[in-house]
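Counting the sequence shown from 1 gives a position; our numbering is that position plus 29.
Built from N, CA and C at the ideal position, the CB exists for glycine as well.
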Amino acid sequence: MTHRTHDLTWHDATAWDIEGKGWDDTTRHFERLPPDAEGVVREPVWDLSRCSAGLSLRFVTDSTQIHARYDLLHSTISMAHMPATSHSGLDLYAEDASGMQRWVGISRPEGQRVEGALAEGLAPGSRCYTLYLPLFNSPETLEIGIDESASLQPLAARQEKPILFYGTSIMHGASAARAGMCISSLVGRRLRRRVINLGFAGNGLMEPEIADLLAQQDPCLFVIDCLPNMTEPLITERTIPLVRRIRQSQPLTPILLVEDRTYANTRFFPAKAERHRTSRAALRAAWHELTAAGDDRIHYLDGDLLLPDDGEATVDSSHPTDLGMVAYADAYETSIRAILRQV
């Protein structure tokens with residue numbers, strides 16, 4: 030559906046294909062879990078699944094300006110450690126001549142109704158754009174405005190197997206400054222692959238109900254990054270059952286187990302160092318048990334590789350800034366390329 034106002038033609042994007050969805054039959058267009066998960070997963074997980082973290086739209090246009098207007102699901106548009114631009118904003122990228130996605134512009138939410146330019150004065154020519162959706166909010170409506178004389182073609186979601194990321198608030202996107210700067214999206218752009226973001230802030234707990242949902246998916250790689258929300262007893266209890274549940278339906282798909290990032294101020298807090306020691310020992314013990322049982326497609330990523338050791342890459346010792354997100358993506362890219370043999 031399209032309509033015109035002033036010098037813009039508006040296109041309704043609520044029926045376009047979405048990249049990043051593991052299930053197409055969601056209750057709302059821009060959310061992450063299927064409707065039958067409601068009442069099965071815990072309420073906080075369900076509520077967080079309604080955020081559009083990691084979801085994106087792709088389209089081709091020759092417009093010299095791109096505007097957006099949308100209504101948000103939640104009235105809260107930012108958090109103390111996360112700006113509105115990522116919490117509730119849109120983030121626009123475009124393909125350059127080499128086919129790499131490069132940043133173009135953002136929306137600037139000031140309330141539950143958002144309207145404004147993502148980009149104006151664009152260089153002439155038709156190009157492919159990717160629009161990342163809010164990390165901790167979600168559009169209820171979404172329209173894209175372009176020049177009256179321009180064309181716009183929504184693109185179908187790519188069909189190759191995605192990388193599936195399951196984790197905590199860090200994977201969910203806290204505390205990136207823009208929606209496209211969350212770890213999964215950074216990795217997706219670098220590897221030119223589809224990604225699914227199943228980060229649930231404060232709730233990456235390897236729960237059996239989530240394991241059942243993960244087992245419904247058929248990605249090229251499962252990434253399990255839950256340790257920031259877990260301590261040794263729960264890691265010991267849940268890691269092996271989670272992997273074995275996935276293996277019931279996906280016996281050959283690689284799985285990457287990821288340690289917790291090192292808190293940025295660990296050197297000053299012995300309790301934090303002890304948590305890292307015990308949590309990592311528990312995860313590594315589970316990994317050794319799984320590999321000793323003959324599963325040679327379980328891989329491991331050390332937590333000390335995820336953030337630089339100078340302490341400058343987080344907002345609160347835990348959640349990465351954009352600098353930290355890039356460091357995470359660096360570590361992930363190296364590991365994932367080796368696993369998928371993308372050299």
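Going along the chain, which residues of its own chain have a beta-carbon closer than 8 Å to the beta-carbon of residue i, five neighbours each way excluded?
| i | result |
| --- | --- |
| R326 | L281, T282, P283, I284 |
| D54 | P63, P64 |
Which same chain residues end up closer than 6 Å to residue i when comparing Cβ atoms and leaving out the 5 residues on each side of it in sequence?
| i | result |
| --- | --- |
| V287 | D254, L330 |
| W75 | E67 |
| M111 | A203, S204 |
| Y99 | V143, P168, T170, L171 |
| V372 | The predicted model places V372 with a pLDDT of 36, which falls under 50 and marks its position as unreliable; any figure quoted below should be read in that light. Excluding residues within five positions, none has a Cβ falling inside 6 Å. |
| L334 | A360 |
Let me check one thing: in DSSP terms, what residues is residue i bridge-paired to?
| i | result |
| --- | --- |
| D41 | E172 |
| H328 | L285 |
| A97 | G145, I173 |
| A123 | R131, Y158 |
| M259 | Looking at the DSSP assignment, M259 forms no beta bridge with any residue, so it has no partner. |
| P73 | DSSP output for P73 lists no bridge partner at all. |
| T343 | P349 |
Alpha carbon to alpha carbon, how far is residue j from residue i? Give it in angstroms, no decimals.
| i | j | result |
| --- | --- | --- |
| Q130 | E124 | 4 Å |
| E139 | H103 | 12 Å |
| A302 | E341 | 18 Å |
| E177 | H58 | 27 Å |
| I135 | E266 | 42 Å |
| T350 | L234 | 23 Å |
Would you decide whether residue i is buried or exposed? Buried here means 16 or more other CB atoms lie within 10 Å of its CB.
| i | result |
| --- | --- |
| H40 | buried |
| F298 | exposed |
| I47 | buried |
| P105 | The sequence shown places Thr at residue 105, rather than the Pro named in the question. Classification for T105: exposed. |
| S81 | buried |
| W316 | buried |
| A208 | buried |
| P73 | exposed |
| S364 | buried |
| A358 | buried |
CB-CB under 7 Å to residue i, same chain, minus the five flanking residues each way: which ones, in chain order?
| i | result |
| --- | --- |
| A42 | L86, L171, E172, I173 |
| P337 | A356 |
| H116 | I106, S107, M108, P163, L164, F165, N166 |
At least three beta-carbon pairs within less than 8 Å, the segment 218-225 to the segment 188-204: yes
Three Cβ pairs or more, each shorter than 8 Å: is that satisfied between the segment 174-186 and the segment 240-256? no
Should the segment 290-308 be regarded as contacting the segment 248-262, the criterion being three or more beta carbon pairs within less than 8 Å? yes
Take every Cβ of the segment 144-161, pair it with every Cβ of the segment 85-94, and state whether three or more of those distances are shorter than 8 Å. Three or more Cβ pairs closer than 8 Å define a contact, and the segment 144-161 meets that threshold against the segment 85-94.
Three Cβ pairs or more, each shorter than 8 Å: is that satisfied between the segment 197-205 and the segment 335-355? These segments touch.
Quick test of the definition: if touching needs 3 or more C-beta pairs under 8 Å, does the segment 207-218 touch the segment 264-282? no
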